[in-house]
Amino acid sequence: MTAARRLQGAPVRLEDLRVGGLLAEGGEGKVYQLPLQPHLVYKSYRRPLDPAIVEELVSWPRRALDTQRRATVAAAAAWPESAVLNTEGLVAGLLVPRAPKRYALRHRDGATRLATLSYLTTDPAHRAVAYGLQLPSPAGPERFGLVYALARLLEAFDAGDPRVGHGDLSTKNVLWSLQRGPEVFVIDCDNAERFDRSGRPLGDPGRRRAMTPNWDDPAVTRGSNPTVESDRYSLALIFLRVVGAANFPMQARQRSGEPISVDFPLPPELLSDALLGPGAPLWALCERGLSLSAPGERPPASAWVAALEAVLDAIGSAQVMRNVWAAQGGGRPSPAVIRPLSEESDVAIRPVPAEARPQPKVTRPVTAPFRARALLNPQTMATVRLASGGFGPPAPAPAWGVQTGGAPAPPAAPLMPEVRAAARRTARAWLGLHRRALRALLFAQSQSRGRTLALCAAIDVSLAIATMFMLAMLTSPFIGY
Amino acid sequence: MSTTNVSVEERYSVFPFYICLDISASMAGSPIDAVNHQLPILRSKLGEDPAVAEVIRLGIVTFSDVAVTVLPLCDLSLVEALPEVSAQGRTSYAAAFDHLRQTIEDDYARSRARGDRWYRPAVIFISDGRPTDDTDRWKAALERLHDPAWKRRPNVLAFGFGDADPAVLATVTASKPQRAFIATEGAEPSRIIPELISGLIQSIVSSSASVYSGSAELVPPELPNMTAISVDHLD
Chain A
969 MTAARRLQGA PVRLEDLRVG GLLAEGGEGK VYQLPLQPHL VYKSYRRPLD
1019 PAIVEELVSW PRRALDTQRR ATVAAAAAWP ESAVLNTEGL VAGLLVPRAP
1069 KRYALRHRDG ATRLATLSYL TTDPAHRAVA YGLQLPSPAG PERFGLVYAL
1119 ARLLEAFDAG DPRVGHGDLS TKNVLWSLQR GPEVFVIDCD NAERFDRSGR
1169 PLGDPGRRRA MTPNWDDPAV TRGSNPTVES DRYSLALIFL RVVGAANFPM
1219 QARQRSGEPI SVDFPLPPEL LSDALLGPGA PLWALCERGL SLSAPGERPP
1269 ASAWVAALEA VLDAIGSAQV MRNVWAAQGG GRPSPAVIRP LSEESDVAIR
1319 PVPAEARPQP KVTRPVTAPF RARALLNPQT MATVRLASGG FGPPAPAPAW
1369 GVQTGGAPAP PAAPLMPEVR AAARRTARAW LGLHRRALRA LLFAQSQSRG
1419 RTLALCAAID VSLAIATMFM LAMLTSPFIG Y
Chain B
19 MSTTNVSVEE RYSVFPFYIC LDISASMAGS PIDAVNHQLP ILRSKLGEDP
69 AVAEVIRLGI VTFSDVAVTV LPLCDLSLVE ALPEVSAQGR TSYAAAFDHL
119 RQTIEDDYAR SRARGDRWYR PAVIFISDGR PTDDTDRWKA ALERLHDPAW
169 KRRPNVLAFG FGDADPAVLA TVTASKPQRA FIATEGAEPS RIIPELISGL
219 IQSIVSSSAS VYSGSAELVP PELPNMTAIS VDHLD
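Chains as they are written, first to last, in this note's numbering: chain A, 969 to 1449; chain B, 19 to 253.
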């Protein structure tokens, strides 16, 4: 049992901790591993924190939430567990839960990386080609499930007394996993602020809270802190980006005062559903959540919870919902009441039929230009080989690099080594091509499959004909022709 | 005010970076080995982070007697492998600058055709020596690269070590402050190159973050063993 666990939120002395390797470094401080408490990290700050604020933050789930919501926060947020005091008794940092291992993705290169929202905000075909990851299709039930899991956490934040707002629900702060069903894990919760029922912040007004560009609330002027409505904007934005599998960049335009209209692609079977088709309440929820003209009208997370439960039911994915409950604890919260909108929104969301997106194209490095000048004058040419790793065997056909001539070429070098090098290169190219052809045969999705196979066949048939001709030429004198 | 339509195809503007690498004979041995060791790290750090790869495009041009595009401008998450380079030949700055101008122009036309929007490209010029070509010739090529009438003219950051001349590097960056850097005297290239590449990675990551804020900035790298070459103000 660790000191932090034993003390249940009571401060821990820095000298009692065994601080391990550095995990991350940011503007505010550094995050370290704790070898003896692998489920926690130590977040140290450049400047000591206000002990009163830290105490309010650490004890918030215990004091402000019912049992069910406390379980949701414990499962889905890295809520600070205790203050860490330095030798002078000042708050040097916090002990914070570490994201469980399932909130990571293993790329093709074998390394694991934190599962940030950025993986979900583009066509999954791109991520499959780039990293070898199989991510759910746009508008797939798992994507609705992830937003549902986040909405349930934010509902708990909102239901507390006092309620809290995170303020920086950005790509790096909202981690996700599908291993046990859709789950989210929100980090950097020390950025959170407590608000009273009127939405007034209860903390130190001089404290600066972070917001990440591209994930920020455009209703907050630069240099100001996120408000209690900012998380509501983030939830609507994350819904659009995660379910739509696209970036939908809009804050800069909203800031310039432009009304926004979003074309949200949906597969035809979802588009015909009453809960997702044109005019469905979900789109009104989204429009109001993203509104800049009336931030006070942004729907609370509870409205999203209710709406997404209805959608998951309607698309036959109630199991996804139950998986979220199993991971976060509890069942359905009480249905939310959605107030009518007082004015027309400055954001319009239009569900449209999804169209095929352009296929991602892989770039290959330019191999050594193979031509007479390079053969004869090696000094004039930088030879370029393919590094190992990457997507598999190197491209067989040497692409021609655009060149710009420099100084005049020095005298010619002996030819033989270059001829041997050329032969080696040709052999390598031939082998590479066949490896690619084999891959193309084994994996149906392989790029340019037909072309590779055709090229392979053409080369091999030509080689066979040439070999037979040579054999005939060599053997003909001995058999009397 | 008219309504702006945002569709699934709406993308961020991209920030193109060109690494322009001197691979002349003086780079042979440990410097070029260090480059070949570091390039895959550059790819991994930039390409395997989806948020960075989304907005950064990187191309690699090498130069000695001639300049060659060894990695066409690309999304680093979609590159099969990075090239491995070997050192040979002399140091033609003219070849490098002429090739860069042509490459940027061609890449821009291709990107526009695909619907991409560009921030002003950045060139990261790395050299361990002085130009071996005629001064008038490389200066004329440099002028074409910095030509104020050419809309796609890049911002150039220059990094020198070995025999590189601080005055020449400052000229390469059009004498802009905090753009040209020279290694501490006596610093080993095998040590400088890893520091330089890791500084560049940090610089590109920070620059990518600025793209998301809607106003891209070319963030200069922090290099422990390099100092910025001071550049005078013009009257």
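Yeah, the Cβ is synthetic: ideal placement off N, Cα and C, and Gly gets one too. Predicted model only: the values in this text are computed from it and were never measured.
- Across the set A/S1145, A/V1115, A/T1180, the C-alpha of A/V1115 shows the shortest separation from the C-alpha of A/F1207.
- Out of B/A85, B/V229, B/S225, the CA that lies nearest to the CA of B/L236 is found in B/S225.
- Interface residue (Cβ-Cβ distance to chain B less than 7 Å): A/S1261 is not classified as such.
- Counting only runs of 3 or more residues that sit fully inside the region 1142–1194 of chain A, the beta strand (DSSP E) segments are 1142–1145, 1151–1154, 1161–1163, in chain order.
- Note that the C-beta distance between A/V1009 and A/R1066 is below 7 Å.
- Straight through space, the alpha carbons of A/A1434 and B/P68 are spaced by roughly 49 Å.
- Neighbours of B/G232 in chain A, taken as residues at a C-beta separation under 9 Å, are given in chain order as P1181, N1182, P1217, Q1219, A1220, R1223.
- A/I1447 counts as exposed, since fewer than 16 other C-beta atoms from the protein chains shown sit within 10 angstroms of its C-beta.
- Secondary structure at A/W1047: coil, using DSSP grouped into helix, strand and coil.
- Annotation for A/D1281: the continuous alpha helix (DSSP H) segment containing it runs 1269–1282.
- Among the residues of chain B, those whose CB is under 7 Å from the CB of A/V1097 are L96, following chain order.
- Put simply, the CB of A/T1331 is near chain B, with a gap under 7 Å to one of its CB atoms.
- Taking 8 Å as the upper bound on Cβ-Cβ separation, chain A lies near residues T150, D151 of the region 130–161 of chain B.
- Interface criterion met: the Cβ of A/A1214 is under 7 Å from a Cβ in chain B.
- Under the 7 Å criterion on CB atoms, A/H1075 is classed as interfacial with respect to chain B.
- Under the Cβ distance rule, A/S1086 counts among the residues neighbouring chain B, one pair being separated by less than 7 Å.
- Inclusion of B/R61 and B/P34 in the CB contact set at 7 Å is not warranted, their separation being larger than that value.
- Our two residues, A/A1405 and A/R1417, have alpha carbons roughly 7 Å apart in a direct line.
- Between A/A1269 and the set A/G1284, A/T1089, A/E1197, the nearest pair of CA atoms involves A/E1197.
- In the DSSP assignment, B/F143 falls within the unbroken beta strand (DSSP E) covering 140–145.
- Contact annotation: B/L39 and B/T80 have beta-carbon atoms nearer than 7 Å.
- Assigned with DSSP and collapsed to three states, B/W136 falls in strand.
- Ranked by Cα distance from A/V1132, the first of A/D984, A/V1064, A/D1158, A/S1138 is A/D1158.
- CA-CA distance, B/T21 to B/S129, rounds to 26 Å.
- DSSP places A/R981 in the strand class (E or B) of the three-state scheme.
- Leaving aside the five residues that flank A/R1038 on each side, the residues in its chain whose CB is nearer than 6 Å to its CB run, in chain order, P1029.
- With respect to chain B, the C-beta atom of A/I1283 has no partner C-beta closer than 7 Å.
- Here B/D181 is actually not in contact with B/R138; their C-beta atoms are around 30 Å apart, not less than 8 Å.
- With contacts defined as CB atoms closer than 7 Å, A/P1227 and A/D1129 fail to qualify as a contacting pair.
- Among the bridge pairs identified by DSSP, A/L1062 is matched with A/K1011, A/A1051.
- Leaving aside the five residues that flank A/L990 on each side, the residues in its chain whose CB is nearer than 7 Å to its CB run, in chain order, K998, Y1000.
- Sixteen is the threshold: since fewer than 16 other Cβ atoms of the shown chains lie within 10 Å of the Cβ of A/T1035, the residue is exposed.
- At a cut-off of 7 Å between beta-carbon atoms, B/L218 makes no contact with chain A.
- Residues of chain A whose Cβ lies closer than 8 Å to the Cβ of B/E66 are, in chain order, H1075, D1077, A1079, R1081, Y1099.
- In the three-state scheme derived from DSSP, where H, G and I count as helix and E and B as strand, A/Y1201 is classed as helix.
- The DSSP assignment places 111–132 as complete runs of the alpha helix (DSSP H) inside the region 100–138 of chain B, in order along the chain (cut-off: 4 residues).
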